[in-house]
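Engineer:
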Amino acid sequence: MAYVSKKDLIDKLNPLLDDLMEQRNDLETAWDEMDRESIEDLLDRMERTIHQMRTAIDEAKD
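At position 49 of the sequence shown the residue is numbered 89 (the numbering used here), and the sequence of numbers has no breaks.
(1) For residue 90 and residue 98, I'd like the C-alpha separation in whole angstroms.
(2) Please classify residue 57: is it buried, with 16 or more other beta-carbons within 10 angstroms of its beta-carbon, or exposed?
(3) So residue 78 is in the alpha helix (DSSP H); what residue range does that whole segment cover?
(4) Among the residues of its own chain, which have a CB less than 6 Å from the CB of residue 59, if the five just before and after it don't count?
(5) Which value, in whole angstroms, describes the spacing of the CA atoms of residue 73 and residue 93?
Right, dumping it as structure tokens:
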């Protein structure tokens, strides 16, 4: 099992959380403009970011 310190996990998750917040703000803008293509793209980006966060957490568990 690989040990991942709290600091390393935080260092991995913080930029992903920042990305997720930026994507949320972009989604709100696209929603206001009713731009379906942008909304779908942003939802895909958010899903990838969440997957990266889950991967980082799973790696920390191992």
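For every residue, glycine included, the Cβ atom is placed at its ideal position computed from N, Cα and C. These numbers come from a predicted model, not from an experiment.
Structural biologist: With the given structure in hand:
(1) Taking the sequence shown and counting its residues from 1, one reaches residue 90 at position 50. Taking the sequence shown and counting its residues from 1, one reaches residue 98 at position 58. In a straight line, the C-alpha of residue 90 is about 12 Å away from that of residue 98.
(2) Counted from its first residue, the sequence shown places residue 57 at position 17. Exposed is the label assigned to residue 57, since fewer than 16 other Cβ atoms lie within 10 Å of its Cβ.
(3) The count along the sequence shown starts at 1 and reaches residue 78 at position 38. For residue 78, the uninterrupted alpha helix (DSSP H) segment begins and ends at 76-101.
(4) Within the sequence shown, residue 59 is the residue found at index 19, counting from 1. 89.
(5) Here residue 73 refers to the residue found at position 33 of the sequence shown. Here residue 93 refers to the residue found at position 53 of the sequence shown. Between residue 73 and residue 93, the C-alpha separation is close to 29 Å.
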